[in-house]
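Residue numbers for the sequence shown follow my numbering, so the first one is -14 and each next one is one higher. One structure is given here, and the rest of the page talks about it.
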Amino acid sequence: MKAKYNFILVFLCLVMVDFTFGQTNRLVHFQGQLTTSDGQPFEGEVTLTFNFYKTLRSTTPFWSETHENVPVQNGVYEVLLGSQNPLRLSYKKYFLEVKADGLETGFVRTPISGPGYNWRLSYLFAAYTIVWVAIFLYLLSIARRQKRIINELEILTKTSNKESIEM
-14 MKAKYNFILV
-4 FLCLVMVDFT
6 FGQTNRLVHF
16 QGQLTTSDGQ
26 PFEGEVTLTF
36 NFYKTLRSTT
46 PFWSETHENV
56 PVQNGVYEVL
66 LGSQNPLRLS
76 YKKYFLEVKA
86 DGLETGFVRT
96 PISGPGYNWR
106 LSYLFAAYTI
116 VWVAIFLYLL
126 SIARRQKRII
136 NELEILTKTS
146 NKESIEM
């Protein structure tokens, strides 16, 4: 019965660890600037396409997302990358290219290296949880062994007391 209880406890702990991965926010806040051809800050709304590349000279993006009607005030815009197309970056260095419809952006690729490190924290938390579950189960097994040893000692004490009384 106790083995069944322990199995259920371990199973629930492992299921809870799996849910910690699902709660990691995989959005990247990105803020940029747009100017007109004469260098003045752009005002209005624009459609922006964001592409992630693995290298500076890659020709094909491995991830792309388009945001329509992005408000631009005083040349500054901000978006949440990954809000329309799931973004799964690791801790490697990537390059982001932004294209704006109707505006010359120069196709400059910006190195991005921070988000993956933040997402790795979810794995760290999961590992931390697994370690604590293992410690808990170890302590539980020690407690069970101690109870068994105490019971055996009590039995030995009773039998030795009976033998000493009989002598």
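Note that beta-carbon positions come from the ideal geometry of N, C-alpha and C, so glycine has one too.
Span of the beta strand (DSSP E), counted from its first residue to its last, around residue i
i: Phe35; result: 29 to 38
i: Leu81; result: 79 to 85
i: Gly17; result: 13 to 18
i: Pro46; result: Neither: Pro46 is in no beta strand (DSSP E) and is coded neither H nor E.
i: Thr95; result: 94 to 97
For residue i, the three-state DSSP class (helix, strand or coil)
i: Val64; result: strand
i: Asn54; result: strand
i: Ser126; result: helix
i: Arg133; result: helix
i: Trp117; result: helix
i: Gly7; result: Caution applies to Gly7, whose pLDDT of 48 falls short of 50 and renders its modelled position unreliable; the value that the coordinates give is listed next. DSSP places Gly7 in helix when its eight states are reduced to three.
i: Leu88; result: coil
With 16 other Cβ atoms within 10 Å as the buried cut-off, status of residue i
i: Val83; result: buried
i: Tyr79; result: buried
i: Leu136; result: A small fix is needed here, since residue 136 is Asn in this sequence, not Leu. Label assigned to Asn136: exposed.
i: Val13; result: buried
i: Leu19; result: buried
i: Asn36; result: buried
i: Phe15; result: buried
i: Glu139; result: exposed
i: Leu124; result: exposed
i: Leu81; result: buried
i: Glu53; result: exposed
i: Leu109; result: exposed
Below-9 Å beta-carbon distance, residue i vs any chain B residue
i: Ile120; result: The structure shown contains no chain B, having only a single protein chain.
Next item on the list: Could you tell me whether the segment 65 to 74 touches the segment 25 to 34, using the rule of 3 or more Cβ pairs below 8 Å?
Entry: no
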